[in-house]
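In my numbering, the protein residues as written are 211 to 364.
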């Protein structure tokens, strides 16, 4: 029995009650987080692509034949946006990346090596490799400049 003569037992009882309260609150918080995580995993994001990039990707996929090689020409040095195109079009289309300095001789050499008929040119302004026809895809999704897509002249 706890009495005023036995204060150590009272302190021990209070510490045990406090530890039970901490454990119960930790369990409750853990259950709330698990429920949230289960909901997030059940409904993942539909895409990691920016909506503007997704629209450009849909436009290119609609015009690019399956299996066709594609050149991606960057007018200024960059190492993220061109690889985004490469990843987005994989495995249906091989994307060959070209960084500056760009020249028509380099473009013709890569076209001959990979038999590429189509190209995306990005920059401010985009490099013109000699398009047979081209469409303006609009601005780059995450930076300054424009995107052109088209078929290369023979």
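We put the beta carbon where it would ideally sit given N, CA and C, even for glycine.
As the structure is a computational prediction, the values presented were derived from the model and not from experiment.
8 Å Cβ shell around residue i - same chain, five flanking residues per side excluded
i	result
residue 350	291, 332, 356, 357
residue 316	308
residue 276	302, 303
Range of the contiguous beta strand (DSSP E) that encloses residue i
i	result
residue 356	356-362
residue 280	280-284
Cα-Cα separation between residue i and residue j, rounded to whole angstroms
i	j	result
residue 353	residue 302	26 Å
residue 237	residue 260	38 Å
residue 334	residue 273	24 Å
residue 344	residue 314	17 Å
residue 325	residue 279	7 Å
residue 264	residue 298	9 Å
residue 266	residue 347	6 Å
residue 304	residue 268	16 Å
Local Cβ density within 10 Å of residue i, reported as buried at 16 or more and exposed below that
i	result
residue 217	exposed
residue 284	buried
residue 360	buried
residue 330	buried
residue 321	buried
residue 328	buried
residue 364	exposed
Limits of the alpha helix (DSSP H) - the one that residue i falls within
i	result
residue 263	261-273
residue 346	Run containing residue 346: none in the alpha helix (DSSP H); it sits in the beta strand (DSSP E), 341-349.
residue 292	291-299
residue 312	No alpha helix (DSSP H) contains residue 312, which DSSP labels as neither H nor E.
Close beta carbons around residue i, own chain, < 6 Å, minus the five adjacent residues each side
i	result
residue 271	none
Candidates the options, of which the one nearest residue i by Cα
i	options	result
residue 286	364, 277, 310, 258	310
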